[in-house]
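Notes follow once the structure below has been shown.
In the working numbering, the protein residues as written are 8 to 491.
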């Protein structure tokens, strides 16, 4: 049996269409256009924006001839009469501004237009609308019939708005974070590492021991996509362009060693790791940072988006280093302190050195200078003693310490009697130079030395050196009495 042709029912199609459809008469709008043209209006968009009441006047001239069922449902109207009587509730607020674009397109002679608009249901619910309109054939001159579709895109626009808010939030967190943040592309490094696996390489540490150039090649393949303001501040860069151009100055020195460990982490599948590294600001100063590396979610396959956070711990490291220095040094003289001296003695005892010498030193007349000239004068003598003794041990494995108020000691591992005597002679030479430079007040030291005997403890050695020093001091006093 042959198919029987069924005539196309335009009326039913219009009424049952799944999108809101309107047939409207814009002839009143066209008449208003003619009036404005006669008055000399040429730029309708500017004309309407100067006074939105003109837009409202045009809107009031539009006649709704017919709507379909979807329109009634979408705008929560009982019937077409209910909708038409309440159009002032549907078209309001920001609708006037979006209507300007629609009117301007008709003014320019276009037979169709589309725009994004905001309407409201009769119950007051806001709708985001994608509006499309076409002038029906035969009505191009008078705009007597327009077919409009009003697609409800509220959910889509809400999703877009949420996405925009989320993006702006993420951008705000990134840009204003107090921590240096870098977004980088590691995809080329991912490919290079996979290439090694394809060649049968199993141990990246061994491979980079043999081929250290691979680490440098990987460093060159990093693409920096963005940095935040804290990064510019940390590295002293005026802008991102300057920082990116001078990256070789930032990542240098031991950075290659740190980056190698990072590659080994990535090779082992560790996409989130942290370590302490050293970078450099553009002025050349050191930045000690905690580097935290993470491949961003959704980019685990190709590593084309990774986030690197750098926490500047330079001040903390300096404070730690200074505290460590204070724990082992005498601040006034710059020499080792008594605690470190005792630690050295214990270390040498444990090592059971076969050869060790000690020089014990007293600063003569410190109490008298303090009593007569004040402690500032006494401190000056102590600082000068520190200068002499630091210079005496410079370049050797000997270590000098301040072990009491006016007492000093030098421990000389692997040194015999001759080396100890040479050290004393060197101190006398440096002392003479120092006294010529500080001629206002003479610095006087009493010294004694001893060399380790078989089976002797370091403490016993230093006692013998101390006795030797006091013998020298008594000899000096006896000589002074003879002279006087």
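We put the CB at the ideal spot given by N, CA and C, even for glycine.
Alpha carbons only, please: which of the options is nearest the one belonging to residue i?
| i | options | result |
| --- | --- | --- |
| residue 33 | 21, 27 and 65 | 65 |
| residue 280 | 299, 243 and 459 | 299 |
| residue 132 | 81, 391 and 319 | 81 |
| residue 303 | 324, 278 and 317 | 278 |
| residue 430 | 443, 445 and 405 | 405 |
| residue 229 | 391, 255, 206 and 418 | 255 |
| residue 221 | 202, 260 and 237 | 202 |
| residue 166 | 135, 148, 185 and 183 | 135 |
| residue 50 | 58, 111, 84 and 100 | 111 |
Just the C-alpha distance for residue i and residue j, rounded to the nearest angstrom, thanks.
| i | j | result |
| --- | --- | --- |
| residue 452 | residue 413 | 10 Å |
| residue 69 | residue 170 | 36 Å |
| residue 6 | residue 426 | Residue 6 lies beyond the range of the chain shown here (8 to 491); nothing can be said about it. |
| residue 271 | residue 265 | 10 Å |
| residue 153 | residue 35 | 12 Å |
| residue 124 | residue 199 | 51 Å |
| residue 330 | residue 466 | 28 Å |
| residue 30 | residue 76 | 13 Å |
| residue 421 | residue 368 | 20 Å |
| residue 409 | residue 339 | 10 Å |
| residue 142 | residue 118 | 5 Å |
| residue 301 | residue 315 | 6 Å |
| residue 386 | residue 434 | 20 Å |
| residue 168 | residue 174 | 10 Å |
| residue 268 | residue 284 | 11 Å |
| residue 383 | residue 481 | 28 Å |
| residue 12 | residue 19 | Confidence in residue 12 is poor, its pLDDT being 49 and thus under 50, which makes the residue's placement unreliable; the coordinate value appears in the next sentence. Roughly 17 Å between the two C-alpha positions. |
| residue 399 | residue 343 | 14 Å |
| residue 120 | residue 232 | 40 Å |
| residue 381 | residue 474 | 30 Å |
| residue 262 | residue 296 | 12 Å |
| residue 183 | residue 237 | 7 Å |
Which same chain residues end up closer than 7 Å to residue i when comparing Cβ atoms and leaving out the 5 residues on each side of it in sequence?
| i | result |
| --- | --- |
| residue 371 | 451, 452 and 453 |
| residue 8 | A caution first: residue 8 carries a pLDDT of 45, below 50, which makes its placement in the model unreliable, though a value can still be read off. For residue 8, where only same-chain residues beyond five positions count, there are no Cβ hits under 7 Å. |
| residue 468 | 363, 365, 457 and 459 |
| residue 306 | 312 |
| residue 438 | 395, 450 and 452 |
| residue 63 | 103 |
| residue 442 | 449 and 450 |
Which class does residue i belong to by DSSP, given the choice of helix, strand or coil?
| i | result |
| --- | --- |
| residue 48 | coil |
| residue 33 | coil |
| residue 424 | helix |
| residue 159 | strand |
| residue 484 | helix |
| residue 287 | strand |
| residue 188 | strand |
| residue 21 | helix |
| residue 344 | coil |
| residue 469 | helix |
| residue 502 | The shown model of the chain, from 8 to 491, leaves out residue 502, and the question about it has no answer. |
| residue 475 | helix |
| residue 412 | coil |
| residue 165 | helix |
| residue 417 | strand |
| residue 146 | coil |
| residue 458 | strand |
Please return the same chain residues whose Cβ sits closer than 6 Å to the Cβ of residue i, not counting the five positions on each side in sequence.
| i | result |
| --- | --- |
| residue 226 | 266 |
| residue 471 | 457 |
| residue 188 | 181, 235 and 316 |
| residue 310 | 193, 194, 197 and 302 |
| residue 440 | none |
| residue 93 | 129 |
Residues in its own chain within less than 8 Å of residue i by CB, not counting five upstream and five downstream?
| i | result |
| --- | --- |
| residue 411 | 345 |
| residue 97 | 82, 90, 126, 127, 128 and 129 |
| residue 149 | 34 and 37 |
Please specify which runs of the alpha helix (DSSP H), each continuous and at least 4 residues long, are wholly inside the segment 357-401, giving them in chain order. Runs of the alpha helix (DSSP H) lying entirely within the segment 357-401 and spanning at least 4 residues, in chain order: 373-380 and 382-400.
Please specify which runs of the beta strand (DSSP E), each continuous and at least 3 residues long, are wholly inside the segment 65-139, giving them in chain order. If we require 3 residues or more, the beta strand (DSSP E) runs fully inside the segment 65-139 come out as 70-74 and 119-127.
Beta strand (DSSP E) runs contained entirely in the segment 185-253, provided each spans 3 or more residues: Scanning the segment 185-253 for uninterrupted beta strand (DSSP E) segments of 3 residues or longer gives 187-192 and 230-234, listed from N- to C-terminal end.
Which whole runs of the beta strand (DSSP E) in the segment 287-322 are 3 residues long or more, in chain order? 293-302 and 313-319, all fully within the segment 287-322.
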